[in-house]
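Residue numbers (our numbering): 542 to 1083. Below: the structure, in structure tokens.
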């Protein structure tokens, strides 16, 4: 490993040196723990008795070899702090972990060695002039398996179910909520303990590799939700790893996040190398086609609060991360979940930006849902909530998201939000989604929205598939499938998303009638979109 690069935050493959690695004779274990007094490896291979590690290189790294260790064996590092207290930790760079509540690391070979998808790097599921229609899914609650005590399908079983469904529905990309190992189901994967470990909830790394490979063979892209901001507070993981704040800030003022987790200290080169290597790992080893980065606001500003100022070290980390990933994976999609007004999120790093391909348009999402929640009598005064987005749209490359966050925590599902009674919500929902797909910007929809789900998402329950036995929901589902196909078949809806000549308002001053008219253009196609969002027929409009 490039040790100087590791210390200065330049490394993208630290996992090839650090962690537990299988050899012909057994395994070699290496960890970074500068402040530790002593470290031993304990595991299945030595009866959970201590095998001492030795300081190597400059004394901040520890290493040992254990003959006879084999794939599938569990292990931990027993780290003795300078105060004499010892704690057993999972491997920060481990490639697999036990299912909660257990937390040992598991020896595995690098998953990329088993990939069947040799041509993945030549594919491109993005491109500003191409359609991008994302189906966001939580693997544990899309469907539930009656035969499993936790209700979970394995990764390879999901490949049999999810891929045909997504293909038939007309999406061309799947985005999965975080799959890094995490102790609490209720965190949905956003509070991690194993940044290099695919969660064992749904099977083995090899089975996840199968799922990704099968998606690629079916022509689907796969984006992984990645969390570079914070980590779980569990003391067996990164927190106080060597007896000191090695990964986190020593002060709770900036060290504790709004979610009760630990904020990464991005000013440390070792932390930057850790996170860059994790991002690289998922793209290189599992062949994911891109990363959606969570809570970018909390990287840009201290604690996500603009009043506290910009976190320049974290911004620099993002720039180095994105430019480094793009150099290694030019076609990878890098998407920012960012609710700030900071400019240049999707501007290339070499031009002073953060280097993302797309940014979630949270303003469009909030304004649009607010409009459709309102009764028609209030839409006249809210009229320009639907025109405002095009005043700033060309500042960034925006993606239009109706994500999991808009389907939980008392917010109601997308269809629930629609104004009116049960029968009235369906035409409102069709109008909403038709407007979404006609509007410039790539698309993302959370599972359940396509069937008109009326119950908030619960990670412990599958989607209400029985709704498809009701005519309104079945018709809505077929409408969404047809809309997805219309979107993909008409270049005017996507080819010039970010060119000013790809969109033109024809009429956006019909406040009293709630009518909107605009044109979408591609090189060889022009489409006219006319919307009547009132509850009255408009017989004389030209």
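In this text, a Cβ means the ideal position worked out from N, Cα and C, and glycines have one as well. Values in this document were obtained by computation on a predicted structure and should not be read as measured data.
Bridge-paired residues (DSSP) for residue i
i, result
"residue 1046", "1059"
"residue 942", "985"
"residue 772", "803"
"residue 1051", "1056"
"residue 1039", "Bridge partners of residue 1039: none, in fact."
"residue 677", "716, 987"
"residue 767", "834"
"residue 510", "A query on residue 510 cannot be resolved here, the shown segment of the chain reaching from 542 to 1083 and no further."
"residue 875", "832"
"residue 582", "592, 618"
"residue 1030", "The partner list for residue 1030 (beta bridge, DSSP) is empty, contrary to what the question assumes."
"residue 629", "619"
"residue 721", "739"
"residue 562", "569"
"residue 900", "877, 939"
Assigned secondary structure, residue i (DSSP; H/G/I helix, E/B strand, else coil)
i, result
"residue 548", "helix"
"residue 908", "helix"
"residue 598", "coil"
"residue 867", "helix"
"residue 683", "coil"
"residue 643", "coil"
"residue 1070", "strand"
"residue 1021", "helix"
"residue 756", "helix"
"residue 794", "helix"
"residue 891", "helix"
"residue 529", "Nothing about residue 529 can be read from this structure; the chain reaches only from 542 to 1083."
"residue 638", "strand"
"residue 708", "helix"
"residue 976", "helix"
"residue 1014", "helix"
"residue 762", "strand"
"residue 693", "coil"
"residue 825", "helix"
Anticipated Cβ contact below 8 Å, residue i with residue j, distance rounded
i, j, result
"residue 722", "residue 733", "7 Å"
"residue 942", "residue 1044", "Incorrect: roughly 19 Å between the Cβ atoms, too far for contact."
"residue 808", "residue 555", "Not a contact, Cβ separation roughly 18 Å."
"residue 997", "residue 1021", "The pair is not a contact, with the Cβ atoms about 19 Å apart (cut-off 8 Å)."
"residue 620", "residue 580", "5 Å"
"residue 975", "residue 959", "About 13 Å separates the two Cβ atoms, so there is no contact after all."
"residue 784", "residue 622", "3 Å"
Alpha-carbon spacing of residue i relative to residue j, whole angstroms
i, j, result
"residue 1040", "residue 893", "21 Å"
"residue 570", "residue 739", "19 Å"
"residue 805", "residue 983", "30 Å"
"residue 663", "residue 824", "Low confidence applies here, because residue 663 scores a pLDDT of 44, under 50, leaving its location unreliable; read the following figure in that light. Whole-angstrom Cα-Cα distance: 13 Å."
"residue 700", "residue 707", "11 Å"
"residue 689", "residue 718", "21 Å"
"residue 896", "residue 831", "13 Å"
"residue 957", "residue 966", "7 Å"
"residue 646", "residue 636", "8 Å"
"residue 838", "residue 589", "43 Å"
"residue 1015", "residue 1008", "7 Å"
"residue 742", "residue 693", "7 Å"
"residue 903", "residue 963", "27 Å"
"residue 747", "residue 682", "21 Å"
"residue 1012", "residue 736", "44 Å"
"residue 601", "residue 558", "14 Å"
"residue 677", "residue 764", "9 Å"
"residue 669", "residue 862", "21 Å"
"residue 812", "residue 627", "23 Å"
heavy atom of the ligand PLP below 6 Å from residue i C-beta
i, result
"residue 881", "Although the ligand PLP was asked about, the structure shown includes no ligands whatsoever."
When you compare the region 905-919 with the region 862-876, are there three or more beta-carbon pairs, one atom per stretch, that lie closer than 8 Å? no
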